[in-house]
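See below for the structure under consideration.
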Amino acid sequence: MDEAIVVFSRKGIFQTTIAARDVRSREHARKLWPLVSPGASRQMVTWVSPSFESGKLRRRSHFRVLPAQHTFNPKAHFDDEEASRRRAVQESPEHRQAKELVAAELSRRLNAGLAMPWAFKDMDASDYPLEGNLLLGADQVATEHPLETPFGSRFRLDVAVLGPPVQAEPIVLGGVEIELGHAFDGRKALIGKSLGFPLISIDITEMTLAELTSEWAQQVLTATTRSHEQGRRQTYIYLHDLLYPLYAQLPAFLDDEQRHQFLVFADDETLNKLVRWMNLLAEKLEYPKGMGVMLICVSTAARSLKPRLTFASIVSEGPNQDSRS
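Following the UniProt record's numbering, the residues of the sequence shown are numbered contiguously, the last one being 325.
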């Protein structure tokens, strides 16, 4: 099929359609995923890249229905891929060695007081790059760290960068996943969509144990397409859209106060829950008073309502958009 529907977009659920030719790469497809077929069936689909032979187009890019996925069910898909992945990595000495080397390199940097910078540019979002330090605020590095997604699935992060506990559990500040060259990994797409930290994916496809060294680990964490001898990108960063303002490198004249404002459009129950959790988080992280202010705007006065309706029209074109924020 030539078109698919983006399940979660800024316009709402099932509100955005994308053509296969507009998907630039496997990583771009993961950024957009979950994707489903048009029409009432809503079957989960994956993107198939174009293929060339002797410089000529042999097969156009298109969307293909995933096997055994008759309806949209991200939890079932995630659990299936997680089980398959666990079996694959347990049988792979290359995966195990790469994971241990990356964890050792991050621990070395942490103990030496060195940063672990990362950066990338999302042209769909901004002309300005996104940059961060994976080790900022960290106090330990762990392997096989257990996590639970908001949709109820459990998985283990290959390498987790952890900070001080918030309530009982240490906060996850960043993660690294070692990839074995799966043609499609909806699991990783869903992790990037649902968790609040930078996730670095490292591809070790076709690498041997002899190639996986300490020197490799030092280089791969900051590798780019240009730095690879064959121009093949091995390191990719996943970041939730809501975290973009935190890491965007904006010029001072655009962001002179270094503060961010988020407008949330939701029902009263969800808004009240968000306010409770944000206030609790600010307390646990010992934010100074006034650093984070959460307000629910309920005024129906024209002066207050007009700007909210304007923002709502930007967020979603749906006719039933709730104007409360």
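Positions of the beta carbon are idealized from the N, C-alpha and C atoms, including for glycine.
First and last residue of the alpha helix (DSSP H) that includes W33? Where W33 is concerned, there is no enclosing alpha helix (DSSP H), given that its DSSP letter is neither H nor E.
Can you give the beta carbon distance from H28 to G186, rounded, assuming they're within the 8 Å contact cut? Between G186 and H28 the Cβ distance is about 14 Å, and since that is not below 8 Å, they are no contact.
In whole angstroms, give me the CA-to-CA distance for F61 and A20. Per the sequence shown, residue 61 should be read as Ser rather than Phe. Their backbone Cα atoms lie some 6 Å apart in a straight line.
Consult DSSP for P165 and reduce its assignment to one of helix, strand or coil. strand
Hey, could you find the ends of the alpha helix (DSSP H) K193 is sitting in? 186-194
Counting along the chain, where does the alpha helix (DSSP H) carrying M44 start and finish? Unbroken run through M44 is the beta strand (DSSP E), 44-48; no alpha helix (DSSP H).
Using three-state DSSP, classify A19 as helix, strand or coil. strand
Taking DSSP's pairing of strands, which residues face D2 in a bridge? Answer is none; D2 lacks a bridge partner.
Can you have a look at T225 and say buried or exposed, based on whether 16 or more other CB atoms are within 10 angstroms of its CB? Bear in mind that the predicted position of T225 carries a pLDDT of just 39, short of 50, making it too unreliable to give a figure here.
Which class does P67 belong to by DSSP, given the choice of helix, strand or coil? coil
Go through its chain and collect everything with a Cβ distance to A223's Cβ below 7 Å, but skip five positions before and after it. Q234, T235
Grab me the residues of E131's own chain with a C-beta within less than 8 Å of its C-beta, minus the 5 sequence neighbours each way, in chain order. P117, W118, A119, Y247, Q249
Run of the beta strand (DSSP E) containing N133, from where it starts to where it stops: 130-133
How far does the beta strand (DSSP E) with H145 in it reach, from first residue to last? 140-148
Following the continuous beta strand (DSSP E) through T235, name the residue where it begins and the one where it ends. 235-238
In the DSSP assignment, what are the bridge partners of K56? E53
Counting beta carbon pairs with one atom in the stretch 190-202 and one in the stretch 108-115, are three or more of them shorter than 8 Å? no
CA-CA distance, L162 and A103? 12 Å
Figure out for me which residue from L66, R58, L57, K56 has the closest Cα to the Cα of Q43. L66
Starting from the Cα of F151, find the closest Cα among D267, P288, L134, D79 and give me that residue. D79
For R154, the three-state DSSP class (helix, strand or coil): strand
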